[in-house]
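The block underneath contains the structure these notes are about, expressed in structure tokens.
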Amino acid sequence: MTQQLHKTIAVVNATGRQAASLIRVASALGYGVRAHTHTLKGVIAEELANLPNVTLLRGDLMNNPTFMDEIFKGTQLAFINTVSQAGDEVVIGRALADAAKRAGTIQHFVYSSMPDHSVHGPWPSPPMWACKFTVENYVRQLGIPATFVYAGIYNNNFTSLPYPLFQMELQPDGSFEWAAPFNPDVPLPWLDAEHDVGPALIQIFKDGPKKWNGHRIALTFETLSPIQVCAAFARALGRRVKYRRTSKIEVKVRIPDGYREQLEALEELFGRHEAPYFPQPEFNTPAAGSPKGLGPAGGKGAGAGMMQGPGGVVSQRVTDEARKLWQGWRDMEEYAREVFPVEEEANGLQWML
Ligand code: NAD
Numbered sequence: 001m002t003q004q005l006h007k008t009i010a011v012v013n014a015t016g017r018q019a020a021s022l023i024r025v026a027s028a029l030g031y032g033v034r035a036h037t038h039t040l041k042g043v044i045a046e047e048l049a050n051l052p053n054v055t056l057l058r059g060d061l062m063n064n065p066t067f068m069d070e071i072f073k074g075t076q077l078a079f080i081n082t083v084s085q086a087g088d089e090v091v092i093g094r095a096l097a098d099a100a101k102r103a104g105t106i107q108h109f110v111y112s113s114m115p116d117h118s119v120h121g122p123w124p125s126p127p128m129w130a131c132k133f134t135v136e137n138y139v140r141q142l143g144i145p146a147t148f149v150y151a152g153i154y155n156n157n158f159t160s161l162p163y164p165l166f167q168m169e170l171q172p173d174g175s176f177e178w179a180a181p182f183n184p185d186v187p188l189p190w191l192d193a194e195h196d197v198g199p200a201l202i203q204i205f206k207d208g209p210k211k212w213n214g215h216r217i218a219l220t221f222e223t224l225s226p227i228q229v230c231a232a233f234a235r236a237l238g239r240r241v242k243y244r245r246t247s248k249i250e251v252k253v254r255i256p257d258g259y260r261e262q263l264e265a266l267e268e269l270f271g272r273h274e275a276p277y278f279p280q281p282e283f284n285t286p287a288a289g290s291p292k293g294l295g296p297a298g299g300k301g302a303g304a305g306m307m308q309g310p311g312g313v314v315s316q317r318v319t320d321e322a323r324k325l326w327q328g329w330r331d332m333e334e335y336a337r338e339v340f341p342v343e344e345e346a347n348g349l350q351w352m353l
């Protein structure tokens, strides 16, 4: 067993992509982790349970303050990413923040938030995001040292399976097609959650609340328009990959309760309104010295993108902060080449063979 050198981090929803990314890196670096999971079954729970210095605590978060006290016991740091599957995210998020405060030992509480677009423009409020913003506001008034990370769109949302919004649909001629309501030419912020959330969070914890108390940080390393995403996939897979803009998000499978409302809001937001993914002003001001009209980011290491802001297109370096936190990030092309075929094969698909 590796010797534990560092502080202990409280985590919830351990098997989710964000939390699992942190737990893997934290364990490798010698941090202790006390992590809630709703199940000990499955490959990820089994993997995490076997990592050095990681204690997995199985239980339900809804109306369970005693269990929450158990999660924060002896911890100094916290990363909280709630998921809708666990129950009411506002109730759970607030209760977790209360438990962190009660513990009395938490020096830095990092909460994975998302925007409520209706606060920033004449836009609908995606219910699965707005609830996180409500919790963010609660945490802010609790007076615990806190930082709010905002995840970009995960690279590994893409799948050829018929899930809504990010299906890379395999065509009879072996090419792929992605159909979605996003403007084909407006860059969106991307994140390889499994690869890059953990290292970025470790740097946030190292910098601590002295640098980040009260801040919002966009966890996105690359901005690419849908056309650029398809070009990255095409280069990586050596196949034709086409983008088709649709007015409706196609739903071909049964989806969980509440997800349809989320999809309808996203359809309105990004289709009809072409609203920015991150609407907050701090993510939409031109960085000092960045020329207006800077072209969209290409591959790794390229410059900033142009993103649609509330007043139209603004120059934006939304990736700057994340890239300063962690330079080893994985771009879309690398994801599509190295990971997408492996995940597809694990899902029982055979096109890559
Ligand atoms: P995930 O989607 O990878 O995993 C879902 C988690 O929910 C797993 O830990 C799973 O074990 C757990 N779960 C499943 N059923 C459950 C149940 N009945 N009770 C309790 N837990 C259950 O998780 P993630 O990606 O780390 O976090 C998801 C959150 O991230 C969502 O709230 C989403 O809005 C947000 N987000 C996602 C994206 C994206 O592009 N996918 C972007 C920004 C924010």
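First residue of the sequence shown: 1, per full-length UniProt numbering; consecutive thereafter. Beta carbons: idealized from backbone N, C-alpha and C, even for Gly. Just so you know, these numbers come straight off a predicted model, no measurement behind them.
Helix, strand or coil at residue i according to DSSP, with G and I counted as helix
i    : result
Q167 : strand
G299 : Low confidence applies here, because G299 scores a pLDDT of 39, under 50, leaving its location unreliable and the question unanswered by this model.
G238 : coil
G87  : coil
P189 : strand
H117 : helix
F176 : strand
L224 : strand
Q308 : Because Q308 carries a pLDDT of 49, less than 50, the predicted location of this residue cannot be relied on, and the following value inherits that uncertainty. In this structure, Q308 counts as strand in the three-state DSSP scheme.
E334 : helix
L96  : helix
A275 : coil
I23  : helix
T105 : coil
I9   : strand
G30  : coil
K206 : helix
P124 : coil
I255 : coil
L353 : coil
S290 : Residue placement at S290 cannot be trusted, given a pLDDT of 44 that sits under 50; the coordinates are not used to answer.
W129 : helix
R317 : coil
Beta-carbon proximity check, residue i vs residue j, cutoff 8 Å
i    : j    : result
T223 : P281 : no
Q171 : T159 : no
N53  : Y31  : yes
E46  : L57  : no
S175 : R235 : no
P127 : E261 : yes
A322 : I217 : yes
I23  : A35  : yes
T55  : T75  : no
G165 : A151 : Checking the sequence, you will find Leu at residue 165 rather than Gly. No.
L191 : F148 : no
G87  : M68  : no
A97  : F72  : no
A193 : S27  : no
A265 : S125 : yes
P276 : S225 : no
A100 : P65  : no
F182 : F270 : yes
L325 : I204 : yes
P162 : H108 : no
P256 : V25  : no
V197 : Q327 : no
Counterpart residues of residue i in DSSP-defined beta bridges
i    : result
Y111 : I80, F148
G74  : Paired residues: none, contrary to the question.
H36  : L57
Y243 : W178
A14  : Answer is none; A14 lacks a bridge partner.
R216 : F148
T159 : Q167
I153 : W190
For residue j and residue i, believed in contact at Cβ under 8 Å, the rounded distance
i    : j    : result
P189 : I153 : 7 Å
W329 : H195 : 7 Å
P279 : P122 : Not confirmed; about 11 Å, so no contact.
Y111 : V83  : Actually they do not touch by this definition, with Cβ atoms about 13 Å apart.
G16  : N81  : 6 Å
I249 : L237 : With a Cβ gap of about 24 Å, I249 and L237 do not count as contacting.
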